[in-house]
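Here the sequence shown stands for residues 188 to 262, numbered as in this note's numbering. The beta-carbon is built from N, C-alpha and C at its ideal position, and this holds for glycine as well. Predicted, not measured: the structure shown is a model, and the values here were computed from it.
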Amino acid sequence: MAGGLQNIRTARQIREARLEVVAELYKRGYSYRKIRTETMARMNLPAYSLSTVKTDVGILLKEWRESRLSDMDAA
Numbered sequence: 188m189a190g191g192l193q194n195i196r197t198a199r200q201i202r203e204a205r206l207e208v209v210a211e212l213y214k215r216g217y218s219y220r221k222i223r224t225e226t227m228a229r230m231n232l233p234a235y236s237l238s239t240v241k242t243d244v245g246i247l248l249k250e251w252r253e254s255r256l257s258d259m260d261a262a
């Protein structure tokens, strides 16, 4: 059971690291294909689909919107 929990933590850490890379590249205006290529190279990933890139960008956009809304509420 503890091994499964460790795998979940590792997967989350990898996802967070991947989102950091994707966020940086998306902010620079890279295309999804270029984001995919760069992320695979930087993180030494054997595979990273365009569908996952799109999902990752969607996650980031949602986070950024929520952050902006909470900032407006605080103001």
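Delimiting residues of the alpha helix (DSSP H) encompassing residue i
i, result
"Ala234", "That residue, Ala234, is in no alpha helix (DSSP H); it is neither H nor E in DSSP."
"Tyr219", "Tyr219 to Met230"
Residue i - DSSP class collapsed to helix/strand/coil
i, result
"Gly202", "Before going further, note that residue 202 is Arg rather than Gly in the sequence given. The answer is helix: DSSP assigns Arg202 an H, G or I state."
"Gly216", "coil"
Validate contact between the segment 240-250 and the segment 205-214 using beta carbons, cut 8 Å, 3 pairs: When C-beta atoms of the segment 240-250 are compared with those of the segment 205-214, three or more pairs fall below 8 Å, so the two segments count as touching.
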